[in-house]
Amino acid sequence: MTTSNVLFEIGLEEMPARFLSDTEKQLTEKTKAWLEASRLAYSEIDTFITPRRFAVLIHNLESKQPDLNEEVRGPKLQIAKDQAGEWSKAAIGFCKGQGKTVDDIVVKTVDGHDYIFVEKYIEGKLATAILPAFKDVVLSLNFPKNMRWGNRSLRFIRPIKWILALNDAEVIPFEIEGVTSGNETRGHRFLGQTITVKDALAYEAALKEEYVIADANKRQSMIVEQIKALETEQDFVVPIDEDLLEEVTHLVEYPTVFFGEFSQDFLDVPEEALITSMKEHQRYFPVRQTDQTLLPYFIAVRNGNRDHIDTVKRGNEKVLNARLKDAVFFYEEDQKQSIEANNEKLTRMVFQEKLGTLHDKVERVEAISQSVAIALQLDQPVVKDVRRAAEISKFDLVTQMVNEFTNLQGVMGEKYARLKGESDAVSIALNEQYMPRHAHDDLPASTVGQILSVSDKMDTIVGCIAVGLMPTGSQDPYALRRQAMGVVQILERFGWSLSFENLLDLIISHYETTSIEVDDYQVVNQNVTDFFRARVSFLAKERGIERDVVEAVTHRGLGQLHQLFIKAELLEEKRKDESFKQTEEALVRSMNLANKATTTEVEAHLFENESETALYQTLLEVRAAYEARISEEAYQEALSELEALTPAINRFFDETMVMVENEKVKNNRLALLNQVKQLVDLIGDFTQIEWKQQF
Numbered sequence: 000m001t002t003s004n005v006l007f008e009i010g011l012e013e014m015p016a017r018f019l020s021d022t023e024k025q026l027t028e029k030t031k032a033w034l035e036a037s038r039l040a041y042s043e044i045d046t047f048i049t050p051r052r053f054a055v056l057i058h059n060l061e062s063k064q065p066d067l068n069e070e071v072r073g074p075k076l077q078i079a080k081d082q083a084g085e086w087s088k089a090a091i092g093f094c095k096g097q098g099k100t101v102d103d104i105v106v107k108t109v110d111g112h113d114y115i116f117v118e119k120y121i122e123g124k125l126a127t128a129i130l131p132a133f134k135d136v137v138l139s140l141n142f143p144k145n146m147r148w149g150n151r152s153l154r155f156i157r158p159i160k161w162i163l164a165l166n167d168a169e170v171i172p173f174e175i176e177g178v179t180s181g182n183e184t185r186g187h188r189f190l191g192q193t194i195t196v197k198d199a200l201a202y203e204a205a206l207k208e209e210y211v212i213a214d215a216n217k218r219q220s221m222i223v224e225q226i227k228a229l230e231t232e233q234d235f236v237v238p239i240d241e242d243l244l245e246e247v248t249h250l251v252e253y254p255t256v257f258f259g260e261f262s263q264d265f266l267d268v269p270e271e272a273l274i275t276s277m278k279e280h281q282r283y284f285p286v287r288q289t290d291q292t293l294l295p296y297f298i299a300v301r302n303g304n305r306d307h308i309d310t311v312k313r314g315n316e317k318v319l320n321a322r323l324k325d326a327v328f329f330y331e332e333d334q335k336q337s338i339e340a341n342n343e344k345l346t347r348m349v350f351q352e353k354l355g356t357l358h359d360k361v362e363r364v365e366a367i368s369q370s371v372a373i374a375l376q377l378d379q380p381v382v383k384d385v386r387r388a389a390e391i392s393k394f395d396l397v398t399q400m401v402n403e404f405t406n407l408q409g410v411m412g413e414k415y416a417r418l419k420g421e422s423d424a425v426s427i428a429l430n431e432q433y434m435p436r437h438a439h440d441d442l443p444a445s446t447v448g449q450i451l452s453v454s455d456k457m458d459t460i461v462g463c464i465a466v467g468l469m470p471t472g473s474q475d476p477y478a479l480r481r482q483a484m485g486v487v488q489i490l491e492r493f494g495w496s497l498s499f500e501n502l503l504d505l506i507i508s509h510y511e512t513t514s515i516e517v518d519d520y521q522v523v524n525q526n527v528t529d530f531f532r533a534r535v536s537f538l539a540k541e542r543g544i545e546r547d548v549v550e551a552v553t554h555r556g557l558g559q560l561h562q563l564f565i566k567a568e569l570l571e572e573k574r575k576d577e578s579f580k581q582t583e584e585a586l587v588r589s590m591n592l593a594n595k596a597t598t599t600e601v602e603a604h605l606f607e608n609e610s611e612t613a614l615y616q617t618l619l620e621v622r623a624a625y626e627a628r629i630s631e632e633a634y635q636e637a638l639s640e641l642e643a644l645t646p647a648i649n650r651f652f653d654e655t656m657v658m659v660e661n662e663k664v665k666n667n668r669l670a671l672l673n674q675v676k677q678l679v680d681l682i683g684d685f686t687q688i689e690w691k692q693q694f
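For reference, each letter of the sequence shown is one residue, going 0 to 694 in numbering that gives the first Met the number 0.
Okay, structure coming up:
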């Protein structure tokens, strides 16, 4: 069968850079799905995207769908035949509708019922008849924001300006909102011209001649290579922020990298403010010495060639210097305000309508964090630092610097707190309270920072859920999922000797003293717990721990999260361990029966055979060592202690009938098994794990 190369390009007004990556991903996935649904085979797909276009190149597309012999199911046989055993009108009508006669009918059984079938030949369509339907792929793309233009009814990311559609060299005819497909595309807005593309495979090279690098990966590589060349030439280091690199890649069609300078005097301002101004306002990369000292230079990416690059450089330097003067002004003005004056302003800033002002939140966090510090039995100086850090935790939110650069919250809090004479412990905690800020961020390193971070996040989570702001689907305006994940990571990493249940009870007890209107705090407790269970399961799954194991180790509650994950990782490993199979089977059998027990009180005088006595004696011998290993969090060693029970349990079941008629004997045997269960439960409920799936 012959093949061709097919190109579709949609030209638009400039699209926002932040939408381009997802658009390219959608374009790839939806094109593949469309071709599969259309039964058109191909070898590979290339996608291209710039601010002014997105395109797809389909290699070696077959010229025709394969022919099909399709089996079509009709009515049940009892409907297809009449009482005389002749074909009914239903059968005749079905056949006619498929272009067949009753002579073509075959009978097959499906799910216990007989149906009539006919085999239908479907000739494959030519690709040329199908390709204009690519329009549907374009219109199926989803964007966070759409717009209308002119008197058009279509809502799309930006107005469509041209359509290029080629099957090899032939134009594929279709139109979208009055824009008709053709064989022309447009080069760079200022450097390029409108060009005729003679063949689909000539597309990328033709655009390059007109200063458009259509492949985003190639543009990104060009940017990185040019930055590396500057690093070698100028003997400095440019830390490449991947998010910024992706953004500037999607801002330009023909990238040219250059570096500029700013006044050395600006280096007196905290570097975080300078870097944020460079990145957020100007999309510049900061420059450092090899020892990581910030230099008064920046790296920028121009959308064009090197013509008049010195003029471009001076213009960028002028704009950046004006931006940095603003940062200096903010920094100097902020220092004129006291922490107390800033705290007072929090009384006029709403945190959440039902949860009060930011000042109300600070008061809650102050009370919660102190209680947490006391519950962790920390020394009085640490408790004092926790209280002070919580008391001033949000003062920087009213500063001009944070108002201009919101992602500097906490960062400027630490800087300003130091300038105001606060201790290192308190100052550092003001920054660490927001950690982790994203999935792969560092966790707070200091004890005070950890307590403040957990207290602040838990206050937000409990408060929002209490007033009905539980995240749903993609809607999570207060980032509760991210904050909950941060709490889970902190509690696990630093091994707090405080169970999740006790932490939550402590927080809810503080909420109960407030004037916040909540219907039922027991419901809140359950909802918050379920919310955290979901986060624990998510984190566990990322580590290769399946849901049944998570259920097994959380059957008595989340407990201390570092213990939970140690147990879960151990059990995930053990269910793949053939040598543990006999022990697991003995313990699971015991636990299943133990669920019928009403007590753990064993009366030895009711034993009727040696196997009962032997199991009881072994249990007494194992218990002390096992519980000692549990208290040391040595769960692997604890499981090894349980292995000593295996022979005694197996003998017990071989020689003993548990569910006998004598109620006292039966209950005593169940109680004995319940003692086994109580020990195993300290690690997890083994009955919830699908052990056999691994063998």
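Using N, Cα and C, we set each Cβ at its ideal position, and we do this for glycine too. Computed from a prediction, not measured in an experiment: that's the story for all the values here.
What residues in its chain sit with their C-beta under 6 angstroms from that of residue i, if we drop five residues either side in the sequence?
i, result
"Asp684", "Ala551 and His554"
"Pro269", "Lys414"
"Thr46", "Glu23, Leu26, Thr27 and Val55"
"Arg417", "Ser426"
Please report the residue range of the beta strand (DSSP E) in which residue i lies.
i, result
"Leu19", "Where Leu19 is concerned, there is no enclosing beta strand (DSSP E), although the alpha helix (DSSP H) it sits in stretches over Leu19 to Ala36."
"Asp475", "Taken as a continuous stretch (DSSP letters only), Asp475 belongs to no beta strand (DSSP E), as it is neither H nor E."
"Asp45", "Glu43 to Thr49"
"Leu749", "The chain is shown from 0 up to 694; residue 749 falls before or after that span and cannot be answered."
"Ala79", "Taken as a continuous stretch (DSSP letters only), Ala79 belongs to no beta strand (DSSP E), being part of the alpha helix (DSSP H) at Leu76 to Ala79."
"Pro285", "Phe284 to Arg287"
"Ser180", "Val178 to Gly181"
"Glu8", "Thr2 to Leu11"
"Ala164", "Ile159 to Asn166"
How about residue i and residue j: are their beta carbons less than 8 angstroms apart?
i, j, result
"Glu183", "Ile194", "yes"
"Arg534", "Arg622", "no"
"Gln432", "Ser392", "yes"
"Asp113", "Val106", "yes"
"Ile298", "Ile226", "yes"
"Gln233", "Phe258", "yes"
"Leu557", "Phe499", "yes"
"Tyr330", "Ala389", "no"
"His249", "Ala366", "no"
"Val211", "Tyr253", "yes"
"Leu712", "Ala213", "Since the displayed the chain opens at 0 and closes at 694, residue 712 lies outside it and no answer follows."
"Val361", "Leu377", "no"
"Asp547", "Glu689", "yes"
"Val447", "Ile489", "no"
"Ile175", "Lys134", "yes"
"Asn166", "Ser276", "no"
Beta-carbon within less than 7 angstroms of residue i's beta-carbon, same chain only, minus the 5 sequence neighbours each way: which residues are those?
i, result
"Ile373", "Val382"
"Gln693", "Only weak support is given to the placement of Gln693: the predicted model assigns it a pLDDT of 46, under 50, and the question is left unresolved by the model."
"Lys197", "Ala168"
"Val601", "Tyr615, Asn667, Ala670, Leu671 and Gln674"
"Val659", "Lys665"
Just reading off the alpha helix (DSSP H) that residue i is part of, what are its end residues?
i, result
"Lys104", "According to the sequence as given, residue 104 is Ile; it is not Lys. From DSSP, Ile104 is part of no alpha helix (DSSP H); its letter is neither H nor E."
"Leu678", "Glu662 to Asp680"
"Tyr695", "The requested residue 695 is not part of the displayed model; the chain covers only 0 to 694."
"Arg52", "Run containing Arg52: none in the alpha helix (DSSP H); it sits in the beta strand (DSSP E), Arg52 to Glu61."
Under 8 angstroms Cβ to Cβ from residue i, same chain only, skipping five residues before and after it: list those, please.
i, result
"Leu375", "Ile450, Trp495, Ser496 and Leu497"
"Pro701", "What the structure shows of the chain is the stretch from 0 to 694, and residue 701 is not part of that stretch, so it cannot be assessed."
Hey, does residue i have any beta-carbon neighbour from chain B nearer than 8 angstroms?
i, result
"Asn524", "This model lacks chain B altogether, as it is built from one protein chain only."
Quick one: complete alpha helix (DSSP H) runs, 4+ long, within the stretch 295-358?
-> 308-333 and 338-344
Taking one C-beta from the stretch 607-624 and one from the stretch 640-653 each time, how about it: are there three or more such pairs within less than 8 angstroms?
-> yes
Any contact of the stretch 1-18 with the stretch 150-164, i.e. 3+ C-beta pairs under 8 angstroms?
-> Judged by Cβ distances under 8 angstroms, the stretch 1-18 makes contact with the stretch 150-164, as three or more pairs qualify.
Output the residue ranges of the alpha helix (DSSP H) runs that lie fully inside the stretch 206-279 and measure 4 residues or longer, sorted by chain position.
-> 215-233, 241-248 and 270-275
Length at least 4, wholly inside the stretch 504-542: the alpha helix (DSSP H) runs in chain order = Complete alpha helix (DSSP H) runs here, min 4: 520-541.
Entirely enclosed alpha helix (DSSP H) segments - the stretch 556-635, minimum 4 residues = 560-573, 580-593 and 609-630
For the 8 angstroms Cβ check, are there 3 or more pairs between the stretch 461-473 and the stretch 350-362?
-> Taking a cut-off of 8 angstroms for Cβ pairs, the stretch 461-473 and the stretch 350-362 touch, as three or more such pairs fall below it.
Pairing CB atoms from the stretch 294-310 with CB atoms from the stretch 185-194, are three or more of them under 8 angstroms?
-> These segments touch.
With a cut-off of 8 angstroms, do at least 3 Cβ pairs link the stretch 433-452 to the stretch 332-340?
-> no
What are the start and end residues of each continuous alpha helix (DSSP H) run of 4 or more residues lying completely inside the stretch 385-435, in chain order?
-> Within the stretch 385-435, the complete alpha helix (DSSP H) runs of at least 4 residues are 399-403, 410-418 and 423-431.
When the Cβ atoms of the stretch 33-46 are set against those of the stretch 141-150, are three or more pairs found closer than 8 angstroms?
-> no
Do the stretch 126-140 and the stretch 89-98 meet, that is, are 3 or more Cβ pairs less than 8 angstroms apart?
-> no
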